[in-house]
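Chains as they are written, first to last, in our numbering: chain A, 13 to 504; chain B, 13 to 504; chain C, 112 to 256; chain D, 112 to 256.
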Amino acid sequence: MNLQNKKWSEEEFYQIREEVLHQWETGQDVNMQEAVDYMKKLPEHKNFSHKLNKAKQGGITLVQPRAGVALVEEHIELLRYLQDEGEADLLPTTIDSYTRQNRYHECERGIEESKKAKHSMLNGFPVVNHGVQNCRRVLEALDLPVQARHGTPDARLLSEIIHAAGWTSNEGGGISYNIPYAKSVSLEKSIRDWQYCDRLVGLYEEMGVEINREPFGPLTGTLVPPSISNTIAILEGLLAAEQGVKNITLGYGQSGNISQDVAAVRALKEQAVEYFKMDGYQINLSTVFHQWMGGFPEDESKAFGIISWGSATAALAGATKVIVKTPHEALGIPTKEANAQGIKATKQTLNLVYGQRMTISREIDLEIEVIKAETKCILDKVCEMGNGDYALGTVRAFAAGVLDIPFAPSKYNAGKVLPVRDYQGAVRYLEYGSVPISRELMDYNRQKLDLRAKEENRPLCFQMVIDDIYAVSRGALVGRPADYAMSERHMQ
Amino acid sequence: MNLQNKKWSEEEFYQIREEVLHQWETGQDVNMQEAVDYMKKLPEHKNFSHKLNKAKQGGITLVQPRAGVALVEEHIELLRYLQDEGEADLLPTTIDSYTRQNRYHECERGIEESKKAKHSMLNGFPVVNHGVQNCRRVLEALDLPVQARHGTPDARLLSEIIHAAGWTSNEGGGISYNIPYAKSVSLEKSIRDWQYCDRLVGLYEEMGVEINREPFGPLTGTLVPPSISNTIAILEGLLAAEQGVKNITLGYGQSGNISQDVAAVRALKEQAVEYFKMDGYQINLSTVFHQWMGGFPEDESKAFGIISWGSATAALAGATKVIVKTPHEALGIPTKEANAQGIKATKQTLNLVYGQRMTISREIDLEIEVIKAETKCILDKVCEMGNGDYALGTVRAFAAGVLDIPFAPSKYNAGKVLPVRDYQGAVRYLEYGSVPISRELMDYNRQKLDLRAKEENRPLCFQMVIDDIYAVSRGALVGRPADYAMSERHMQ
Amino acid sequence: MGKKTIILGVIGADCHAVGNKILDFIFSSAGFDVINIGVLSTQEDFINAAIETDAQAILVSSLYGHGEIDCRGFREKCQETGLDNIILYVGGNLVVGKHEWTDVEKKFLQMGFNRVYPPGCNANDAVKDLEHDLLIRGKSKWRVI
Amino acid sequence: MGKKTIILGVIGADCHAVGNKILDFIFSSAGFDVINIGVLSTQEDFINAAIETDAQAILVSSLYGHGEIDCRGFREKCQETGLDNIILYVGGNLVVGKHEWTDVEKKFLQMGFNRVYPPGCNANDAVKDLEHDLLIRGKSKWRVI
Ligand code: B12
Ligand code: B12
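1) Considering only residues of the segment 108 to 149 of chain B, which uninterrupted alpha helix (DSSP H) runs meet the minimum length of 4 residues and lie entirely inside it, listed in chain order?
2) Please say whether CYS147 (chain B) and ILE173 (chain B) have beta carbons closer to each other than 8 angstroms?
3) Scan the segment 177 to 209 of chain B and note each continuous alpha helix (DSSP H) run of 4 residues or more that stays entirely inside, going in chain order.
4) Let me check one thing: in DSSP terms, what residues is ALA350 (chain A) bridge-paired to?
5) How many angstroms separate the CA atom of ASP135 (chain D) from the CA atom of PHE143 (chain D)?
6) Does any CB atom of chain C fall closer than 8 angstroms to the CB of TYR193 (chain B)?
7) What in chain D is Cβ-close to HIS34 (chain A), meaning under 7 angstroms?
8) Please determine, among B:LEU151, B:LYS130, B:GLN159, B:GLY214, the residue with the shortest C-alpha to C-alpha distance to GLU22 (chain B).
9) Taking contact to mean 3 or more Cβ pairs, one atom from each stretch, closer than 8 angstroms, check whether the segment 237 to 251 of chain A and the segment 183 to 190 of chain A are in contact.
10) Does the Cβ of GLY294 (chain A) have 16 or more other Cβ atoms within 10 Å, making it buried, or fewer, making it exposed?
11) By Cβ distance below 6 angstroms, which residues in the same chain neighbour GLY322 (chain A) in space, the five residues on each side in sequence not counted?
12) Rounded to whole angstroms, what's the CA-CA distance from LEU415 (chain A) to ILE240 (chain A)? Just pull it up for me.
13) Quick check: is the beta carbon of THR358 (chain A) nearer than 8 angstroms to any beta carbon in chain B?
14) Taking a contact to mean a Cβ-Cβ separation below 8 angstroms, would you say GLN159 (chain B) touches LYS314 (chain A) in this structure?
15) Buried or exposed for ALA494 (chain B), please, with buried defined as at least 16 other CB atoms from any protein chain shown within 10 angstroms of its CB.
16) Is the beta carbon of ASN351 (chain A) less than 8 angstroms from the beta carbon of PRO77 (chain A)?
17) What residues from chain B crowd round ILE133 (chain C), counting only those whose CB sits closer than 9 angstroms?
18) So, for PHE410 (chain B): in the same chain, excluding its five sequence neighbours on each side, which residues have a beta-carbon less than 6 angstroms away from its beta-carbon?
19) At the 8 angstroms Cβ level, is ILE180 (chain D) part of the contact set with chain A, yes or no?
20) I'd like to know whether the C-beta of VAL238 (chain D) is nearer than 8 angstroms to at least one C-beta of chain A.
21) Taking only three categories from DSSP, how would you classify SER271 (chain A)?
22) From ASP480 (chain B) to VAL236 (chain B), what distance separates their C-alpha atoms?
23) Quick check on the DSSP output: what are the complete beta strand (DSSP E) runs of length 3 or more inside the segment 153 to 184 of chain C, in order along the chain?
24) Pull out every residue of the segment 196 to 218 of chain C whose Cβ sits closer than 8 angstroms to any Cβ of chain B, in chain order.
25) Using a Cβ cut-off of 8 angstroms (strictly closer), state whether MET133 (chain A) contacts chain D.
26) Distance, Cα to Cα, LEU33 (chain B) vs GLY39 (chain B)?
27) If you check the beta carbons only, do ASP155 (chain A) and LEU134 (chain A) fall under 8 angstroms apart?
28) Check whether the Cβ of LEU463 (chain A) lies closer than 8 angstroms to any Cβ atom in chain B.
29) What is the C-beta distance between ALA270 (chain C) and ILE148 (chain C), in whole angstroms, given that I count them as a contact (C-beta under 8 angstroms)?
30) Does the Cβ of GLN246 (chain C) have 16 or more other Cβ atoms within 10 Å, making it buried, or fewer, making it exposed?
31) Taking only beta-carbon atoms, is ALA324 (chain B) less than 8 angstroms away from chain A?
32) Closer than 8 angstroms by beta-carbon distance: list the chain D residues that pair up with GLY344 (chain A), in chain order.
33) Do VAL171 (chain C) and PRO421 (chain B) come within 8 angstroms of each other at the CB atom, strictly closer than that value?
34) Shortest alpha-carbon distance to TYR441 (chain A) belongs to which of A:VAL48, A:ALA82, A:VAL150, A:PHE474?
35) What first and last residue would you give for the beta strand (DSSP E) that runs through GLY130 (chain D)?
36) Give the straight-line distance between the Cα atoms of MET397 (chain B) and GLU386 (chain B), rounded to the nearest whole angstrom.
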């Protein structure tokens, strides 16, 4: 295996770069020195890291939507609307699914069809096909920093283009943009390809331009136990840091149980700092909280309830930014109006909660401890399997099922872990597969789950998992059986 | 003063009753024995107390909207919609403002004009003009318990009619439906008139029919310090209990600071139980949490944010029910659709939070202590001023400004108290007027406020109060100055 | 221009007191002599106060939805009592429900109010408007729009 | 009726795996022989699997919005490869954005799918539909609607 968690030499990088920039014709327009000059002239308020830093200092939580359509003018109109009417703090460009699979010919077809149909036939902005100059047009039409958000296992050309265009943040990572997004891309390849993206950012940093990188925290968005997502976030943070990335935002997707969510964000932040320190990286760290990433109800008012609960949790957890859902989530890509509605409900909630923090109770303290301990169990094993190399360790750990992401489509994922909610809605492990959680922590998990089984008067079972998957879209957090009678547990 | 906190004799009651039932022609249709028979035949699920008890046992929070229009058929249609499409748990009938002032001739005019205009020209259902049979038609068209919600200083005839119609809950109280709702009704009169309403409920209880009573917790809905509203809730609870009321729901209006809100609901519940016990009353107590009662923003998405944050707080505080606002709040009485939207966002949030409780941290514990201690300061003084009689004490305390409700229109209210938010949005005392808070507690208050002054770099002042009054409608909890720079306080 | 006395109050069976207190504060701070008759005031209450204090303007609030019913005939009653020159403003949540603002405004302008304000208005703008209207009125006779 | 083999998969560049896993579980539990080709499958992947296993139905999912582009010509390609009798179902968030369901349904029916399901559908209903359609098909030759 020719993979290593080691900073690429410039030689190695530039050699591969030749090839990358030839993957599609627009690669020719990328010129790094020119890009650095361009970015140095950009106003501070269009720099992603700068804006995140200010928010961190002020203790506020920034709001970022998801959005992207096929054509440049329409995309600009969309983002302007989210900026002006929606009051977004940070802007995205969501990339379409063909680009994510490097199928640029299909993008071309999608662009043509969109022109004919007069509405977007693509689920995002085909950034590679549009190329550097068009991306700059997007950035220049706006007053906020722009980030690419996608799900691309091989995002090398994409990354080249967006950074050359002055977009100062890129979401993704070799694990988080492969296992939940692909079926048959090997981890060796995706990790290497993301080392390229990270090294690229590292080079920009060396040349004096700050670029933010954000591993995709929520993974499959569906009942992922916090210790699994935190482990992968930390791993991707370490891999990025090694390539010279300096500004990192680690992410987490809402579970819906407030104690667990607040604990998970704190655990993530604190533990990441520890690991960065241990390995000698100096990282400017921020956090991102994703509003509920699983299935939504079709009713828009109910969707607002979920959006707002996520916003409140983000603020109480003290996340640096929150990624927003919309009232159209269950049905389709939102209109710009629906997207702005999601942002506004979020902002109002954040502003109400601003300055309040979840007061740390013993319960939350315990939850933080548990998440950190579980995460450490997994990370230790990954490190051991890689003989101290996190890149190698990650590949081997996935092969062995030590790393395992629930419901992921990749064939490189064991798919043995089964998550389920406990009686208060916290996500726990029902089946561990080969994830190396200690006996003691398993007991804790089990004890929480047994309470649910008892309350619902049914054994722990796969049906519970299915019920939980549907629960939020049907109006509740926990998928209780239809005949569930309210117990007297909560009596006060 | 011929007022006393003492259970009325039946003689006294029936003597006054003669007069009451003659205030408007529909009074003639009230027959208590027939009403008892009618109510005993009603199914359990239409009894308010019954439904509240079940919720209490199950630890769930029930949802109740506000709603009322001028005409019977339209009112039935409205409530059915809120029941079926909105999924409300409890139904209201909001009474129009002329009825609240006993101006039944003007109601008649409003009814006529509504018929002509083909939409409601009244802001509620004129229950007295419609009379017992029409009110029964309303109840019979529905599957849920119905409560009258109003703001009527003299609600004697209104109460006779609704209970005779089988409506098993009545909101209000001699203080809470006078001081925030009237200008020149003396407290002696309104307390006496509400003793009548309570005695009426007491008589029904004696005859075997359970009727719920709910003092109006939020008062002016505008920055009321929790110790003021809790004091009045407990006083009205005690006055009701003395007249034989058995089922009481005490209320509280959201401040927006979650620690304060959770603490206030807990303090209210615990302290009320203490006082009931002290005075030997056996009360079936529940609690109601009002979503933000002050000014709303016009933007509907933002309104959803506020509604959901209130719902989450209600659930975390463990309130038995929550009163719902709508996305139309800032502009006008909601359409039935907007009303249902408010309920649905609320229900979704409650269901997400169901089973989770705010874990009690030291901070919340302290807040509970503070609210209870402040409340005790005031209650002690009221008791002392009445020589042990809470009714007398209340009248005298208001006269002396010992009881004082911020922003209330009544000339029997001193209006010297000024509330303001602290840096985390908790509502504190800026000016005490004559409210007898102890030195120690004043210091605590002051310390919290000083932090805000420091943070905003301006002295504590009336402008802050004005800013706070507008704040929520302008998108934030605390009314910070326009040039407020995010401090580094929250840095973590 | 004479002295700037204005009558402030909330009309009908309406008890909404918060906006009224704020308007009082803002107009007083702007130098007006504010006679605040408070909530639950009738047309007669407003008019009597205006006559007694020789006020130049009456500022009516209605928040609770019955504004249309409560305000009908106000201008006529002013004229009957000799206040035919007085400036009449009205503001708040003037009708029941959420309606197009322009329709609401038109309705109240037709009823003889000189200016109509929505609930989200900035009270300082109303101060400026009033100063402006009083100035004009000093020059030519005020004309009901 | 013969054996009840069905092909399950998610078409195009679509990686949404959760619904696919659930459909697999539900149809398997209902006694079907489920060949699940998973996410990111091409029309050819579906067709090859159907030929190989002599399947009676193909259940296509598309969640990510490109369903319309990805499904075009699917029925024709089935016919070209001799699968002219096969039952074709499709379901999910089939187009980009929120659209009237009846329009979306019509569009896919016209493309030759026998049944079309919205995202909020109950998968057990689809099981019943398939059992029903297979029964009918046993009797008369299946006709593309
Ligand atoms: C979880 C999720 C993700 C996860 C998926 C993880 C994984 N690998 O599975 C992640 C975060 C990775 C993701 C990524 C993306 N997603 Co996504 N995602 C969702 C979400 C929130 C839930 C999907 C889900 O799991 N639901 C639960 C399962 C049980 O339900 P289901 O998938 O709908 O399947 C059921 C039914 O549809 C039906 N069904 C489906 N197929 C069929 C077929 C037949 C024959 C029958 C009978 C029934 C049937 O039965 C299933 C079982 O009950 C939905 C929105 C929602 N529903 O709330 C968006 C959603 C599907 N995603 C969407 C999009 C656009 C994307 C992205 C392109 C990113 C983006 N632009 O935001 C990428 C796609 C990348 C790619 N290459 O595909 C859009 C699609 C928009 C559209 N059609 O207009 C949605 C609707 C969100 C939105 N409103 O924008 N997503
Ligand atoms: C607080 C409140 C209450 C409190 C009032 C306490 C008190 N005594 O003051 C309580 C809870 C008691 C209450 C009761 C009722 N309320 Co109320 N209340 C509100 C609420 C939430 C805020 C009002 C407020 O204080 N705003 C803050 C102040 C600063 O703003 P403001 O009042 O709008 O005043 C400003 C402007 O309007 C403007 N303005 C006002 N008048 C004028 C005049 C002029 C000349 C100018 C230039 C400007 C101007 O300037 C003011 C200062 O900035 C509003 C909804 C909202 N706005 O969000 C409903 C609202 C006003 N209430 C309403 C109703 C219907 C009632 C009730 C009838 C109960 C019910 N059916 O729900 C009762 C009324 C009883 C009665 N007899 O009047 C409705 C009116 C509906 C309509 N018009 O269609 C509203 C709009 C809520 C709703 N959407 O249903 N309410």
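Even glycine gets a Cβ: it sits at the ideal position worked out from N, Cα and C.
Just so you know, these numbers come straight off a predicted model, no measurement behind them.
Taking the definition as stated:
1) Within the segment 108 to 149 of chain B, complete alpha helix (DSSP H) segments of at least 4 residues are found at 109 to 112, 116 to 129, given in chain order.
2) CYS147 (chain B) sits close to ILE173 (chain B), with the two beta carbons spaced by under 8 angstroms.
3) For the segment 177 to 209 of chain B, not a single whole alpha helix (DSSP H) run of length 4 or above is found.
4) ALA350 (chain A) is bridged by DSSP to nothing; it lacks a bridge partner.
5) The straight-line gap from Cα to Cα measures roughly 9 angstroms.
6) Chain C contact via Cβ: present.
7) Within chain D, no residue comes near HIS34 (chain A); the closest Cβ sits about 22 angstroms away, beyond 7 angstroms.
8) Of the candidates B:LEU151, B:LYS130, B:GLN159, B:GLY214, the one whose C-alpha sits nearest the C-alpha of GLU22 (chain B) is B:GLY214.
9) Of all C-beta pairs linking the segment 237 to 251 of chain A to the segment 183 to 190 of chain A, three or more are shorter than 8 angstroms, placing the two stretches in contact.
10) According to the sequence shown, residue 294 (chain A) is Gln rather than Gly. GLN294 (chain A) comes out exposed.
11) Annotation for GLY322 (chain A): GLN266, GLN303, TRP304 place their beta carbon closer than 6 angstroms to its own, counting only its chain and skipping 5 residues before and after.
12) For LEU415 (chain A) and ILE240 (chain A), the distance between alpha carbons rounds to 8 angstroms.
13) At a cut-off of 8 angstroms, the C-beta of THR358 (chain A) has a neighbouring C-beta in chain B.
14) Not a contact, by the Cβ cut-off of 8 angstroms.
15) ALA494 (chain B) comes out exposed.
16) Their beta carbons are under 8 angstroms apart, which means ASN351 (chain A) touches PRO77 (chain A) by this criterion.
17) When 9 angstroms is used as the limit between beta carbons, ILE133 (chain C) is near these residues of chain B: ILE478, ILE481, TYR482, in chain order.
18) Contacts found: LEU199, TYR424.
19) It does; some Cβ of chain A falls within 8 angstroms.
20) No, because no Cβ of chain A sits closer than 8 angstroms to the Cβ of VAL238 (chain D).
21) Three-state result, SER271 (chain A): helix.
22) Taking the CA atoms as reference points, ASP480 (chain B) sits about 12 angstroms from VAL236 (chain B).
23) Those beta strand (DSSP E) runs which fall completely within the segment 153 to 184 of chain C and span 3+ residues are 168 to 172.
24) Along the segment 196 to 218 of chain C, the positions whose C-beta sits under 8 angstroms from a C-beta of chain B are ASN204, VAL206, VAL207, GLY208, LYS209, HIS210, read in chain order.
25) Chain D contact via Cβ: present.
26) C-alpha separation (whole angstroms): 4 angstroms.
27) Note that the C-beta distance between ASP155 (chain A) and LEU134 (chain A) is not below 8 angstroms.
28) Closer than 8 angstroms to the CB of LEU463 (chain A) there is not a single CB belonging to chain B.
29) In the structure as shown, chain C starts at 112 and stops at 256, and residue 270 (chain C) therefore has no counterpart that could be examined.
30) For clarity, residue 246 (chain C) is Leu in the given sequence; the question names Gln instead. With fewer than 16 other Cβ atoms inside 10 Å of its own Cβ, LEU246 (chain C) counts as exposed.
31) For ALA324 (chain B), the nearest beta carbon of chain A is closer than 8 angstroms to its own beta carbon.
32) The contacting residues are GLY176, ASN204, VAL206, VAL207, GLY208, LYS209, HIS210.
33) Cβ atoms of PRO421 (chain B) and VAL171 (chain C): not closer than 8 angstroms.
34) Relative to TYR441 (chain A), the option among A:VAL48, A:ALA82, A:VAL150, A:PHE474 whose CA is nearest is A:PHE474.
35) It is not in any beta strand (DSSP E) - GLY130 (chain D) instead sits in the alpha helix (DSSP H) that spans 129 to 140.
36) Roughly 17 angstroms between the two C-alpha positions.
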